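Quick notes on the structure that follows.
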Amino acid sequence: AFESSSISTRVINTRHAVLSPLYALTERQMQFWEDVEDGLDDVEKVYGKVPRIRKFGQYARGELPAPEGSAPGHQPCEEYVEGLTAKPFWDATKQPDLFPWAQELEKQSGKIQKEFQSKMEEANLFASDSAWQNQVMGSGWSAIRLQRLGVWNTDNCREFPETYQLIKSLNIPLAVRGVCFARQAPGSGVQPHSDGRNFILTSHLGLQVPEGCWMKSGEEERTWESGKLTTLDTSFEHSTGNPGDVERHVLIIDYWHPDL
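Under the working numbering, the residue at position 169 of the sequence shown is numbered 169, and the numbers go up by one with no gaps.
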């Protein structure tokens, strides 16, 4: 899950509404979009027309009706890119043309697991992201952020140098939400929600997966496997559960949709 960006304050509960036109935006938002449009004018002088990017702006500003989902459980928000494949789960390692880093990450997963387990005895390693995240993710979910908004957390990366170096070496096209270790406490779960943005995919690398753990995306339910990737589109409504009596641990990686 990820909080709404400053350029759009209407991500949640607007799927079936026609959003307000440009004049309803704040002065700061209007200035932002004027700057974006000026920049796109310059881009088009060199590279030609960029209609999909222009249309993204129209959705985000509320000049077009909020997009409808393309499958059961699909809930894209107005920060929307047209023409992207939408499905609740992806098999990343079986599509090396789209995810050229996935197979190697699974091959090297033992390094990440070993390093992660060596740190598990340290207190206060995990920290909840924010009050908003707790409302959506529940008090049983917490994270160790390695990267967020394009910035590596140097303190946390120092704690996990092998994981950091491996992720960097694979040239994964990391998106704004970045990379984190995530813990799901026993007897807890994440409530159903959509992250809205259809242009970001998420892979979970299983590190410690108790029996009975599950993740649902759209109408499909899967579990995690230790050392394996589970990949989903979080613009589908999704939820998780850990009904067992030990913690579930995964490495979460967010990256740009391969159709971009």
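Using N, Cα and C, we set each Cβ at its ideal position, and we do this for glycine too.
These numbers come from a predicted model, not from an experiment.
Neighbour flag for residue i against chain C, beta carbons, 8 Å
| i | result |
| --- | --- |
| Trp90 | Judged by its chain identifiers, the structure shown contains no chain C, having just a single protein chain. |
7 Å Cβ shell around residue i - same chain, five flanking residues per side excluded
| i | result |
| --- | --- |
| Leu170 | Trp101, Glu104, Leu105 |
| Thr85 | Asp259 |
| Phe89 | Ser217, Glu220, Arg222, Thr231, Leu232 |
| Val43 | Val50 |
Contacting residues, own chain, Cβ-Cβ under 8 Å from residue i (five flanking each side not counted)
| i | result |
| --- | --- |
| Pro210 | Pro186, Asn242, Gly244, Asp245, Val246, Glu247, Arg248 |
| Asn153 | Arg145, Leu146, Gln147 |
| Asn156 | Ile144, Arg145, Leu146 |
| Gly271 | Because the chain spans 1 through 260 in this model, residue 271 falls outside it and cannot be assessed. |
Backbone secondary structure at residue i - three-state DSSP
| i | result |
| --- | --- |
| Gln208 | strand |
| Tyr255 | strand |
| Gly57 | helix |
| Pro21 | Low confidence applies here, because Pro21 scores a pLDDT of 48, under 50, leaving its location unreliable and the question unanswered by this model. |
| Lys216 | strand |
| Glu237 | coil |
| Glu221 | strand |
| Ile7 | Here the model assigns Ile7 a pLDDT of 35, short of 50, so the residue's position is not dependable, and the following value carries that caveat. Coil at Ile7, not helix or strand. |
Within 8 Å, strictly: CB atoms of residue i and residue j
| i | j | result |
| --- | --- | --- |
| Glu262 | Glu162 | Nothing in the structure corresponds to residue 262, since the chain is present only between 1 and 260. |
| Tyr255 | Pro192 | no |
| Gly189 | Thr223 | no |
| Phe166 | Ile144 | The question names Phe, but residue 166 in the sequence shown is Leu. No, these two residues do not count as a Cβ contact at 8 Å. |
| Gln113 | Leu229 | no |
| Gly196 | Pro76 | yes |
| Trp214 | Ala182 | no |
| Leu227 | Gly110 | Note that residue 227 corresponds to Gly in the displayed sequence, not to Leu. Cβ atoms of Gly227 and Gly110: closer than 8 Å. |
| Phe99 | Val81 | no |
| Arg54 | Leu40 | yes |
Beta-carbon proximity list for residue i, same chain, < 6 Å, skipping 5 on both sides
| i | result |
| --- | --- |
| Asn13 | Low local confidence applies: a pLDDT of 35 at Asn13 is under 50, so the model's placement there is unreliable, with the coordinate-based value given in what follows. Cβ neighbours of Asn13 beyond the five flanking positions: none. |
| Lys168 | none |
| His74 | Ala86, Phe236 |
| Asp91 | none |
| Ser70 | Ala86 |
### Message
Ignoring anything shorter than 4 residues, give me the alpha helix (DSSP H) runs that lie fully in the stretch 23 to 49, in order along the chain.
### Response
27 to 47
### beta strand (DSSP E) segments (min. 3 residues) lying fully within the stretch 123 to 201
141 to 148, 174 to 184, 188 to 193
### Task
Could you tell me whether the stretch 38 to 48 touches the stretch 61 to 69, using the rule of 3 or more Cβ pairs below 8 Å?
Contact between the stretch 38 to 48 and the stretch 61 to 69 is not established, with fewer than three Cβ pairs separated by less than 8 Å.
### Query
With contact counted as at least three CB pairs below 8 Å, one residue from each stretch, are the stretch 226 to 234 and the stretch 192 to 208 in contact?
yes
### Query
Where are the alpha helix (DSSP H) runs, 4 residues long or more, that stay fully inside the stretch 54 to 113, in chain order?
Segments of the alpha helix (DSSP H) lying fully in the stretch 54 to 113: 102 to 107.
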